[in-house]
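Some notes on the structure that comes next.
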Amino acid sequence: MDNLVILKLGGSVITHKERSPPEINRKSIIRICEELLISDTPLILVLGGGAHGHQPAKKYGFANLSTPRKKRLDGIPEIRYSMNLLASAIQAALSEHQVPCIIIPPIAITKLRNGYIETIYLSSFRSALKAGITVITHGDVCFDAELGAAILSGDALSVHLARELGAKSVLLGTDVDGVLDDNPNRNPDAKLIPTIKASEDNPVLNVTGPSKSIDVTGGMKRKLKELFTLADDNTEIIIFNLNAPGRLRRILLGEPTIGTRIVT
Ligand code: IPE
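Counting the sequence shown from 1 gives a position; my numbering is that position plus 2.
Spelled out as structure tokens, the structure:
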């Protein structure tokens, strides 16, 4: 699909990641939906788990590969319930603006093996987009052929969808300006890197540590590694600050803004 945009809404932006029990960041969600309105291209929104995903995932041991199968399987209902609440909040906000949208939950269409995607059945994505319906999907807990259950991150899902459906743009909205040249928690002078070449031996992979709040799926380094596999001359890949009002809108309009672009 030529003009498909895949937009990941980072969990730390759409939820209050440090609050327990999880809370939805409604103010942020309303603003993001308003910024989205200028786009008339086919759109997939991929929600990060934020508080709704990472808190129950941690509780059931998903951060640790050695967690027994039974405990992982026991975690499925609670994580699913929590992610449903988050996805419904996004659908409600879009529906306020008469944006036709549906939620496609990955658990229903995904097979994982050792935490990696084996298959995702995408025909309903294709049909919905063709019908002019925006698709909301999200990081999720999914059945896993080896582990019983594992977490599919929103980043890995975005990259897979982009590759399989042929996206024009993959936009990852986070709570930082993009990729920084040092860990901002240690070095307040860390600077934004505007462009990164996608290469496995790029030294930038050594400075990007995991994010500061609970994150069972690996932070910025894993994000970059996944995006590197997607880089080609035809796909626009941008990591940007979704907390900064107006940046999403500018990117969708094709205007220059602060962020990190991944190039070949
Ligand atoms: C995690 O998705 C999904 C679950 C834990 C269920 P992500 O890893 O993409 O979420 P964020 O953006 O880091 O919160």
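From the three backbone atoms N, C-alpha and C, an ideal C-beta is built for every residue, glycine too.
How should residue i be labelled, buried or exposed, when 16 other C-beta atoms within 10 angstroms of its C-beta is the threshold for buried?
| i | result |
| --- | --- |
| Arg249 | buried |
| Leu62 | According to the sequence shown, residue 62 is Tyr rather than Leu. Counting Cβ neighbours within 10 Å, Tyr62 comes out buried, since at least 16 surround it. |
| Leu87 | exposed |
| Asp179 | buried |
| Gly168 | exposed |
| Asn189 | exposed |
| Val48 | buried |
| Asn27 | buried |
| Pro258 | exposed |
| Val265 | exposed |
| Ala130 | buried |
| Ala133 | exposed |
At what residues does the beta strand (DSSP E) containing residue i begin and finish?
| i | result |
| --- | --- |
| Glu238 | 238-243 |
| Phe64 | Element bounds for Phe64: n/a, residue is neither H nor E. |
| Arg188 | No beta strand (DSSP E) contains Arg188, which DSSP labels as neither H nor E. |
| Ile135 | Segment: none, Ile135 is in no beta strand (DSSP E) and carries neither H nor E. |
| Glu120 | 118-122 |
| Arg263 | 262-265 |
| Arg115 | 112-115 |
| Asp235 | Here Asp235 belongs to no beta strand (DSSP E), and DSSP marks it neither H nor E. |
| Asp146 | 142-146 |
| Ala152 | 150-154 |
Counting along the chain, where does the alpha helix (DSSP H) carrying residue i start and finish?
| i | result |
| --- | --- |
| Val276 | Residue 276 lies beyond the stretch modelled for the chain, which goes from 3 to 266, so this question has no answer here. |
| Gly175 | Taken as a continuous stretch (DSSP letters only), Gly175 belongs to no alpha helix (DSSP H), being part of the beta strand (DSSP E) at 171-176. |
| Tyr83 | 71-98 |
| Arg224 | 221-230 |
| Val209 | 206-209 |
| Lys132 | 125-132 |
| Leu38 | 28-38 |
| Val101 | That residue, Val101, is in no alpha helix (DSSP H); it is neither H nor E in DSSP. |
| Leu45 | Leu45 -> not in any alpha helix (DSSP H); beta strand (DSSP E) instead, spanning 45-49. |
Is residue i a contact residue of ligand 1, with contact defined as CB to any heavy atom under 7 Å?
| i | result |
| --- | --- |
| Val143 | yes |
| Val50 | Here the sequence assigns Gly to residue 50, which means Val is not the residue at that position. Gly50: yes, Cβ under 7 Å from ligand 1. |
| Gly156 | yes |
| Gly55 | yes |
| Met222 | no |
| Ile92 | no |
| Ala110 | no |
| Ala164 | no |
| Gly77 | no |
| Gly13 | yes |
| Ala65 | no |
| Met3 | no |
| Ala59 | yes |
| Ile153 | yes |
| Ile81 | yes |
Taking CB distances under 8 Å as the criterion, tell me whether residue i reaches chain C.
| i | result |
| --- | --- |
| Val209 | The displayed structure is made up of one protein chain only, and chain C is not part of it. |
### Task
Report yes or no: do the stretch 154-171 and the stretch 62-82 share at least 3 C-beta pairs separated by less than 8 Å?
no
### Message
Would you call the stretch 122-136 in contact with the stretch 95-112, where contact means no fewer than 3 C-beta pairs closer than 8 Å?
### Response
The stretch 122-136 vs the stretch 95-112: in contact.
#### Entry: Three CB pairs or more closer than 8 Å across the stretch 192-209 and the stretch 134-147
These segments do not touch.
### Message
Within 8 Å, do at least three Cβ pairs link the stretch 166-177 to the stretch 96-106?
### Response
no
### Query
Using 8 Å as the Cβ pair cut-off and three pairs as the minimum, do the stretch 43-54 and the stretch 21-29 touch?
yes
#### Entry: Segment contact, 8 Å Cβ cut-off, at least three pairs: the stretch 27-45 with the stretch 78-86
no
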